[in-house]
Structure formats: structure tokens, C-alpha cells
Amino acid sequence: MVVNAQINGNNNTGILAGNMYSNSSAVKCSTSGLINTTESNIGGLVGAASSLFVDSCFSTVTINATGTELVADVGGLIGQLNSGTIVRSGVEADISASNYKSVGALIGFCAGSTVELSRATGSLEGEEMIGGFIGYGSYCTFDSCFTDASVHSTGSACGGFGGFLNNCEINDTYSFGDVSSTGYGDIGGFAGLTSFSNYRQSFSNSKVESSSTYTGGFIGEAQQGTVIGNCYATGAVHCIDDYAGGFIGLSNTVSNIFNCYSTGKVSGTGIKGGFAGYNSYGPIIDCFWDVESSENTIAVGYNAGDIPQYLSGKNTSEMKDVITFTNLAGGELSESWDFVDNPYNDESDDDIWDIHPDVNNGYAYLSAVFPPEITNSIFQIYDSNKENETQLFVYPNPWSSSQDNINLTLKSVRFESGNYTVSLIDVYGRICQQEVLLIQGNSICAGETHFSFYFKNKQIESGIYFVVLRKQSKIISRVKLVVYRD
15 MVVNAQINGN NNTGILAGNM YSNSSAVKCS TSGLINTTES NIGGLVGAAS SLFVDSCFST
75 VTINATGTEL VADVGGLIGQ LNSGTIVRSG VEADISASNY KSVGALIGFC AGSTVELSRA
135 TGSLEGEEMI GGFIGYGSYC TFDSCFTDAS VHSTGSACGG FGGFLNNCEI NDTYSFGDVS
195 STGYGDIGGF AGLTSFSNYR QSFSNSKVES SSTYTGGFIG EAQQGTVIGN CYATGAVHCI
255 DDYAGGFIGL SNTVSNIFNC YSTGKVSGTG IKGGFAGYNS YGPIIDCFWD VESSENTIAV
315 GYNAGDIPQY LSGKNTSEMK DVITFTNLAG GELSESWDFV DNPYNDESDD DIWDIHPDVN
375 NGYAYLSAVF PPEITNSIFQ IYDSNKENET QLFVYPNPWS SSQDNINLTL KSVRFESGNY
435 TVSLIDVYGR ICQQEVLLIQ GNSICAGETH FSFYFKNKQI ESGIYFVVLR KQSKIISRVK
495 LVVYRD
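With the numbering used here as the guide, the letters of the sequence shown map in order to residues 15 to 500.
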């Protein structure tokens, strides 16, 4: 563990290491600190790495990158990663890199690598290829990852999850956090620019604002070879230039979109569509948009080629009815979506989608991925510590099934003594375990209290949980916990 580091760095700078090569590994590492630099390959954990294996590593970092020429690759965890693997790791990053390319909250530049069960929070700004998780990714796989980072770009290719994703596989992954750009195009709630990549069962809840072309709630611009299936976008899109869409800004030649929907308001002074801003001969099949919430009755702002045959606008009540997505009788579907319990013409058994009036504001959600109403509104998905007088800290995080206890530290400016309840809650609001904590002393306590939470259920599934501290019905503090099975 390296804490409160202060580094004035050159090329290849990280709090743990500047370079890590030749099949190195970093396991259960934690870093925090400040990096000031004018150079490239900067990371909160490692600056540049090749063939690196990272497991259960976390960084809380502020990076001030002020270089002006040929500078790139800044990440909250790793600046540049080649042929590596990252699992169960995360960052809270504050990155200022206004002249830099390839800037990401977790990784700046990533090639030939795999990232799983990892997350990023914070804020970042850069010039080109700026992403809330990964700046530039090439031949990478991202599986079960999420980000809640605010992202700003002064150039092109800016997204809530990825700036530019080329030849990548993205599965069960989602993004929150506002995305904005004063640059020159390709801005998306999930990815700014993408080519030859596959997106499966992912969503974006990011609000997007742009001053230039090709702006979308999920993707800014999808170039050839891109396949997007079973995804959705709920964030509002505002663009003062042309080609804004609730789901995609530009769907280019030989990209393929199927079983997707969008609900966000699409506004601005240029050409726009409820689902797509510009479609250039790209197939859009069995997709929908909400004509009421988007305030747009036009599917595609500008269409080059045939009008998509199975792209339909629905009012809000229809968008919240499973019949819209599974009944072939209306002629608006070529094939039923795959829902839990196989309604109407659904004959598939993968159970990709589900729908319930109390989940995801009533809209369809991905059964394997946590919908925004649960993760964002109910739990506010990230720690409430920053706004509270009482702060709750958890270690180890992630927690593995080989360990017995979670160690908790309670830091407080002011709170009453008495009985408190500590609960372990899953993302669906279910209490997995609950204990009573007695804090004794004066009527008003301050300082630190240390205690352990013993796991009774060692068979708990891998995933994201919340440790919640309550006094009666009032939530005092909460913190997110990543759990994985060994």
C-alpha cells in the first residue's frame, strides 16, 4: 500500500511503479496520491505495462498533466497497457489533461488486453479519445465493468465509458456520469467513436452535451464492422450541431444495430432523430425509441439509403409494455426479443431482458446487468461519504470468499451513540446479512470506530454489494463493496 504520494513525474510514471514488464503481476495493491507531469504514460498505479496481471488493485489519484506536444496515455490506474489483464480493480480519479490524447479514468491506452469486474469513478478532461473508463482501446475485451465518471473533451472521440474503441468486445457493462465536449465530433454516452467492435447487453445512463457533429446517447459514431445488440440508452442528448440521436449519432456503412432502444430527450438546433442522427446504410433492426420522452417523432435525422424497416417509435406506455418487444403480430418486429418467462412470441431461453413497473422506471432492463434506477437512484451507486459527516470505509475491497471478515472503519465529526444496524445489501435491495453494532460513550461521539463484519454466508455470489450503516430507519453512511468467489 502506498498512500498520499506526491510525485512530479516524467515519462512512465506511476505511484506503485513507472514500468512493469515481462509477465509481472500486481495483486491486492492500493495507492493514493497526486501526480504532476508534462509527459506521457501516467497512471495512478503503473505508468506503462506489458503482459501485466492486475487483481484487486485500487487507486485514489489526482493527476495534473500539463504537457503540450505529443503527450498521451493517462489513466487513473494504468497509463498504457499492452497484452495485460485487469480483474476486480478500480479507481477514483480526478484527471486534468487538457492537451492529452488517450485519457481514461481507469486506463489511458489499452491494446490486446482483458478487463473484467472493474469500475471507475471520478472526473476527467482531455483533448481526444477521452473515456470514463478507457481512453483508447484496441483488440480489448471489457466484461462486467462500469463507470460513473464525468468526462469532458476539447477534441473528438469522447464517451462515458470509452473514447475510441477499435476491435473490442464489450459485454454486461454500463456507464453513468455526464459527458460533454466543446470539440469537433463523435460524442457518446457510452462510446464516442467505435469500429469493428461488438457491444452486448450494455447500457448508458449518461447525459450528453456536445457542440459538434455525431452525438448519441449510446454511441457517437459507429464505423464499419460495429455490431450493437441488446443495449439501451436513457440519458438526454443535447447538440448544437447536426446529427444527434437518442441512441446513436452516426451509424455508418456495415454497422449493425439490433434489439436496442433509447428514451432520452434529444434536443438542439441541428439535424436530429429520436433514435439516430444520421444513418448511412447501416442496418437497424428491431429497435425502438420513446417518442414522448425524446420529444422526437422522427426516427433518423438524415438517412442515406433505405429507411430502416424495423425501427419504431412508441409512446411511453407502449415502451413499458412487454408486448411491444415480443409480439410479432403488429409487423414491427422481425424477431421477438428474449425476455424472462418467454412472453408472446419469445421462444428463446437466454432471458436477456426483463420488465417490471418498479424497476428501471418501468422500461425494459437487462436481467444480468443492474438497471440505473436500482444502482443510481436507490443506492446512488457510489459512496455517500463525501456528503456526510460520517464516513464508512471498508477493507478489503474487493472481498473474496477465502476471507472471513470485512473490516470497517467509521470516521465521524458528529454522531449519537447507541445501536446501529450494519447491513449487506445486494443491488436489488435485498438484505443478505445484517448485524447490530453498539457504539457506547457520550451522547455525542467523534473520531474513529473500528469493527469487523463477519460473513456468515460464504456462498455469496460474486458481484456488487453495499454496506449500509443505519440508525433506526435513517441511513448514516454507505459504501460499495465488490465481492468475488475464489
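Ideal Cβ placement from N, Cα and C applies to all residues, glycine included.
In angstroms, rounded to a whole number, what distance separates the CA positions of residue i and residue j?
i      : j      : result
ILE144 : SER103 : 20 Å
LEU422 : ILE445 : 18 Å
SER220 : PHE190 : 5 Å
TYR324 : LEU451 : 56 Å
CYS245 : ASP363 : 18 Å
TYR188 : GLY93  : 22 Å
THR177 : ILE148 : The identity of residue 177 in the sequence shown is Gly, whereas the question assumes Thr. Taking the straight line joining both Cα atoms gives about 7 Å.
GLU306 : ASP157 : 33 Å
GLY28  : GLY47  : 10 Å
ASN96  : ILE474 : 33 Å
SER164 : LEU120 : 13 Å
LEU179 : ASN270 : 16 Å
SER420 : TYR257 : According to the sequence displayed, residue 420 carries Ile and not Ser. Cα-Cα distance, rounded: 49 Å.
ALA318 : SER65  : 44 Å
GLY231 : SER209 : 17 Å
GLY122 : THR435 : 40 Å
THR82  : THR161 : 28 Å
GLY174 : GLU346 : 31 Å
LEU483 : VAL493 : 9 Å
GLY287 : GLU309 : 10 Å
GLU139 : ILE262 : 22 Å
PHE67  : ILE312 : 48 Å
Residue i bridges to which residues according to DSSP?
i      : result
GLN20  : LEU48
PHE72  : SER44, GLY104
ASP440 : TYR479
GLY259 : GLY230, GLY287
LYS115 : ALA86, GLU142
PHE190 : ASP162
GLY202 : GLY173, GLY230
LYS494 : PHE480
CYS253 : SER224, GLY282
SER39  : PHE67
ALA247 : SER218, SER276
VAL60  : ALA31, ILE92
What would DSSP say about residue i, mapped onto helix, strand or coil?
i      : result
THR277 : coil
GLY122 : strand
GLU332 : helix
ASN375 : helix
ALA79  : strand
GLY169 : coil
HIS370 : coil
GLN405 : strand
ASP418 : coil
SER137 : strand
GLY239 : coil
TYR153 : coil
SER211 : coil
ASN25  : coil
THR99  : strand
ILE271 : strand
LEU131 : coil
GLY197 : coil
CYS446 : strand
If we cut at 8 Å on Cβ distances, does residue i have a partner in chain D?
i      : result
ILE369 : Within the model displayed, chain D is absent; a lone protein chain is all it includes.
Give me the residue from the options with the minimum Cα distance to residue i.
i      : options                        : result
GLU361 : THR340, ASN55, GLU346, GLY249  : THR340
GLU69  : LEU131, ASP355, PRO357, ALA111 : Before going further, note that residue 69 is Asp rather than Glu in the sequence given. Nearest of LEU131, ASP355, PRO357, ALA111 to ASP69, Cα basis: LEU131.
THR80  : PHE160, PHE147, ASN50          : ASN50
LEU207 : TYR150, THR187, ALA250         : TYR150
TYR198 : THR227, ASP418, THR128         : THR227
GLY146 : LYS485, LYS115, ASP192, SER152 : ASP192
LEU84  : SER281, ALA107, SER54          : SER54
ALA111 : SER137, SER127, VAL105         : SER137
SER248 : ASN374, THR277, LYS328, GLY239 : Checking the displayed sequence, the identity of residue 248 turns out to be Thr instead of Ser. Comparing Cα positions, the closest option is THR277.
SER218 : ALA250, ASN359, HIS370, ASP372 : ALA250
SER414 : LEU495, ASP200, ASP304         : LEU495
ASP255 : THR229, SER294, TYR316         : THR229
ASP355 : THR330, ASN374, ASN375, SER381 : SER381
SER350 : SER331, ASN375, CYS301         : CYS301
CYS154 : SER170, ASN33, GLY126          : GLY126
VAL72  : VAL17, ILE109, PHE272, SER36   : The amino acid at residue 72 is misidentified as Val; the sequence shows Phe. Answer by Cα proximity: VAL17.
SER281 : GLU183, ALA290, CYS274         : ALA290
PRO410 : VAL497, ALA236, GLY203         : VAL497
THR128 : LYS115, SER116, GLU106, SER152 : SER152
Measuring from the CB of residue i, is there a heavy atom of the ligand COA at a distance below 7 Å?
i     : result
SER97 : For the structure depicted, the ligand COA is absent and the ligand set is empty, with no information on it obtainable.
- Message: List, from N- to C-terminal side, the beta strand (DSSP E) runs of 3 residues or more that fit wholly inside the segment 277-365.
- Response: 280-282, 290-294, 301-304, 314-318, 325-328
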